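Numbering (the UniProt record's numbering), first residue to last: 1 to 437. Below you'll find the structure, written out as structure tokens, and then a few comments.
Here it is, written out as structure tokens:
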């Protein structure tokens, strides 16, 4: 609390360690005097033998801070290098916990560590195979050759490069042409079904969330591969997921610029790796041909004709037909070509709760001590939530209308549609309720 006015300006406090920094000798001397004066006023004293002054580099919280940037603490890296191969899940978790402290220095950290993180999944058997061993050694090697990352100068000029693949989301934060931090994470199971356009937007959202402390309140550029993302903030036809992400983007002052994948050497186009899983590649081709904004959810025959000049695999026509048949959007908007099924038609799903309700009466029940012998059931067709109102079979229409207004209309408003198999009773009750309103 004593140094609160100067925190993050030129002072950093971690438990009982105080670190102050400056850009010139004169400024450093002045700030040293300021810190010592405040400590004296608060009757706090530092032991001289534990103090270090006029340092050009210093180890602090697992990192070595240099005048040119920051790098992992060699003592921590040595501990990682001497780590024996894990023999159980607990040891894997400990290793990843230590190595994860330096993932900002390792590009594609999440992909490299994936075989190890798979061992941490719930109910996953511990099977230390060749892939795990390679991942373990590769992480060690990456950390020993970790680059020196630049320290933010605090004068803006940030640039964010993002990219996405079918395995991970990745980003690089730069300032004045120098790398400040790398970041990446594996795709979650539901994200693997996202179309390419949404994955690229998810990479931008990931970058802004994880680097918010740098970017919030600053003007910066975002470079990404799909040219269409440059115009997404002004597009009107967006799905709910995209609208939610756009609301998050509104917190920032940014511009999105197109950066062709071949030129995006900073992120090195995570999606442009050699494909060893042909089924995954086929799925991505079909998703792009069906879900992309230019595709408009083509039917199986047209989609197959469009793909045939550019792609081929043995079961391509069958796979395309099955893929389109599983598309929920296509099933919802598909035109009905069959004859109507008699006089009864399925009821449409309401768009809002309490907009459309159904009601019925359960009669002939044993009389309660309050002389109720029937139940009036009112159900919301969307949420299926229900009201069970105790009544008497001989209650007047005025009383039922009053009960309807006080228990239903007062809480949820007037519905736009009421369905009941007691048409006359419903009509009379609705009329009486309307008079009361």
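Each residue gets a CB set at the ideal place from its N, CA and C atoms; glycine is no exception. Just so it is clear, the structure is predicted and the values come from calculations on it, not from any experiment.
In whole angstroms, what is the alpha-carbon distance linking residue 257 and residue 232?
For the purposes of this step, residue 257 is taken as residue 257 along the chain shown, with counting starting at 1. For the purposes of this step, residue 232 is taken as residue 232 along the chain shown, with counting starting at 1. If I take the Cα positions, the gap works out to 11 Å.
Strictly by DSSP, which residues pair up with residue 283?
Residue mapping note: residue 283 aligns to position 283 of the chain shown, counting from 1. Answer is none; residue 283 lacks a bridge partner.
On the three-state DSSP scale, how would you describe residue 168?
The count along the chain shown starts at 1 and reaches residue 168 at position 168. Correct three-state label for residue 168: strand.
Here's the rule I'm using: 16 or more other beta-carbon atoms within 10 Å means buried, otherwise exposed. How should residue 161 be labelled?
Here residue 161 refers to the residue found at position 161 when the chain shown is read from its first residue. Flag for residue 161 reads buried.
Inter-residue spacing [alpha-carbon to alpha-carbon] between residue 298 and residue 318:
As a first step, residue 298 is located in the chain shown; it is residue number 298 there, counting from the start. As a first step, residue 318 is located in the chain shown; it is residue number 318 there, counting from the start. Using only the alpha carbons, I get a separation of about 15 Å.
Which first and last residues belong to the alpha helix (DSSP H) in which residue 363 is found?
Taking the first residue of the chain shown as 1, we reach residue 363 at position 363. Unbroken run through residue 363: none, as it is neither H nor E.
Quick check on residue 271: does DSSP put it in helix, strand or coil?
Here residue 271 is taken as the residue at index 271 of the chain shown, counted from 1. Unreliable positioning characterises residue 271 in this predicted model, as indicated by a pLDDT of 44, which lies under 50. The coordinate reading is nonetheless provided below. Correct three-state label for residue 271: coil.
Near residue 440, which residues of its chain fall below 7 Å by C-beta distance, leaving aside the five closest residues on each side in sequence?
Beyond the ends of the chain as shown, which are 1 and 437, falls residue 440; an answer cannot be given.
Between the CA atoms of residue 225 and residue 264 - distance to the nearest angstrom
Walking along the chain shown from the start, residue 264 turns up at place 264. Walking along the chain shown from the start, residue 225 turns up at place 225. With a pLDDT of only 49 at residue 264, under the threshold of 50, the placement of this residue in the model should not be trusted; the figure read from the coordinates follows. Approximately 8 Å, taken between the alpha carbons.
Backbone CA spacing between residue 361 and residue 404 [nearest angstrom]
Your numbering for residue 361 matches position 361 in the chain shown. Your numbering for residue 404 matches position 404 in the chain shown. Cα-Cα distance, rounded: 13 Å.
Quick check: residue 202 and residue 150, are their CB atoms within less than 8 Å of each other?
Here residue 202 refers to the residue found at position 202 of the chain shown. Here residue 150 refers to the residue found at position 150 of the chain shown. Not in contact: residue 202 and residue 150 (Cβ atoms no closer than 8 Å).
Would you please state the rounded distance, in angstroms, between the beta carbons of residue 158 and residue 200? I believe it to be under 8 Å.
Numbered from its first residue, the chain shown carries residue 158 at position 158. Numbered from its first residue, the chain shown carries residue 200 at position 200. Not a contact, Cβ separation roughly 19 Å.
Starting from residue 185, trace the beta strand (DSSP E) both ways and give me its first and last residue.
Residue numbering aside, residue 185 sits at position 185 when the chain shown is read from its first letter. Here the beta strand (DSSP E) through residue 185 covers 178 to 186.
Could you tell me which residues DSSP pairs with residue 390 in its beta bridges?
For the purposes of this step, residue 390 is identified with residue 390 of the chain shown, where counting begins at 1. DSSP lists 375 as partners of residue 390.
How far does the alpha helix (DSSP H) with residue 297 in it reach, from first residue to last?
Your numbering for residue 297 matches position 297 in the chain shown. Here residue 297 belongs to no alpha helix (DSSP H), and DSSP marks it neither H nor E.
Buried versus exposed, by CB contacts within 10 Å (16 or more), residue 237:
Taking the chain shown and counting its residues from 1, one reaches residue 237 at position 237. Counting Cβ neighbours within 10 Å, residue 237 comes out exposed, since fewer than 16 surround it.
Expressed to the nearest angstrom, what Euclidean distance is found between the alpha-carbon atoms of residue 79 and residue 60?
Looking up residue 79 in the chain shown gives position 79. Looking up residue 60 in the chain shown gives position 60. Residue 79 and residue 60: Cα-Cα distance of roughly 16 Å.
What are the boundary residues of the beta strand (DSSP E) that residue 452 is part of?
Given a span of 1 to 437 for the chain in the structure shown, any question on residue 452 remains unanswerable.
Given residue 393, which residues of its chain have a CB within under 7 Å of its CB, disregarding the five upstream and five downstream residues?
By one-based count along the chain shown, residue 393 stands at place 393. Contacts found: 363, 373, 374.
Whole beta strand (DSSP E) runs in the UniProt domain "Reverse transcriptase" (8 to 65) with 3 or more residues, listed along the chain?
11 to 14, 17 to 20, 58 to 60, 63 to 65
Give every residue of the same chain whose Cβ lies closer than 7 Å to the Cβ of residue 220, excluding the five residues on either side of it in the sequence, and list them in chain order.
Locating residue 220 in the chain shown gives position 220, where the first residue counts as 1. Once the five neighbours on either side are set aside, the close Cβ partners of residue 220 are 158, 159, 160, 254.
To the nearest angstrom, report how far apart residue 438 and residue 197 are at their CA atoms.
The requested residue 438 does not occur in the structure, where the chain is confined to residues 1 to 437.
Quick check: the region 128 to 138 against the region 168 to 187, are there 3 or more CB pairs under 8 Å?
no
What whole-angstrom Cβ distance do residue 453 and residue 358 have, given they're in contact under 8 Å?
Nothing can be reported for residue 453: it is not among the residues displayed for the chain, which extend from 1 to 437.
Between residue 124 and residue 141, what straight-line distance do the alpha-carbon atoms span, to the nearest angstrom?
Counting from one through the chain shown, the residue named residue 124 turns up at place 124. Counting from one through the chain shown, the residue named residue 141 turns up at place 141. If you take the alpha carbons of residue 124 and residue 141, they lie about 27 Å apart.
Could you name the residues of the same chain whose beta carbon sits closer than 6 Å to that of residue 109, not counting the 5 residues immediately before and after it, in chain order?
Against the chain shown, residue 109 aligns to sequence position 109. Closer than 6 Å at Cβ, skipping near neighbours: 103, 184.
Between residue 240 and residue 208, how many whole angstroms is the CB-CB distance? I'm expecting something under 8 Å.
One-based indexing of the chain shown puts residue 240 at position 240. One-based indexing of the chain shown puts residue 208 at position 208. Between residue 208 and residue 240 the Cβ distance is about 19 Å, and since that is not below 8 Å, they are no contact.
Label residue 303 either buried or exposed according to how many other C-beta atoms from any shown protein chain fall within 10 Å of its C-beta, with 16 as the threshold for buried.
Translated into the one-based positions of the chain shown, residue 303 becomes position 303. Buried is the call here.
Can you list, in chain order, the residues of its chain with a C-beta nearer than 6 Å to that of residue 399? Leave out the 5 residues immediately preceding and following it.
Here the question's residue 399 lines up with position 399 in the chain shown. Same-chain partners within the cutoff: there are none.
Same chain, Cβ closer than 7 Å to residue 21, neighbours up to 5 away in sequence not counted:
In the chain shown, the residue the question calls residue 21 occupies position 21. 10.
From which residue to which residue does the alpha helix (DSSP H) around residue 95 run?
Within the chain shown, residue 95 is the residue found at index 95, counting from 1. 89 to 100 is the extent of the alpha helix (DSSP H) around residue 95.
Which word fits residue 251, buried or exposed, when buried means at least 16 other C-beta atoms lie within 10 angstroms of its C-beta?
Position 251 of the chain shown, counted from the first residue, corresponds to residue 251. Residue 251 comes out exposed.
Residue 419 - containing beta strand (DSSP E), residue span:
Along the chain shown, one-based indexing puts residue 419 at 419. Where residue 419 is concerned, the enclosing beta strand (DSSP E) stretches over 417 to 419.
Continuous alpha helix (DSSP H) stretch holding residue 246: start and end
As a working mapping, residue 246 is identified with position 246 in the chain shown. 240 to 249 is the extent of the alpha helix (DSSP H) around residue 246.
Once you ignore the five residues that flank residue 146 on each side, which residues in its own chain have a CB closer than 8 Å to its CB?
Numbered from 1 along the chain shown, position 146 holds the residue referred to as residue 146. Same-chain partners within the cutoff: 71, 72, 77, 102, 105, 106.
Please report how far the alpha carbon of residue 189 lies from the alpha carbon of residue 326, in whole angstroms.
Here the question's residue 189 lines up with position 189 in the chain shown. Here the question's residue 326 lines up with position 326 in the chain shown. If you take the alpha carbons of residue 189 and residue 326, they lie about 18 Å apart.
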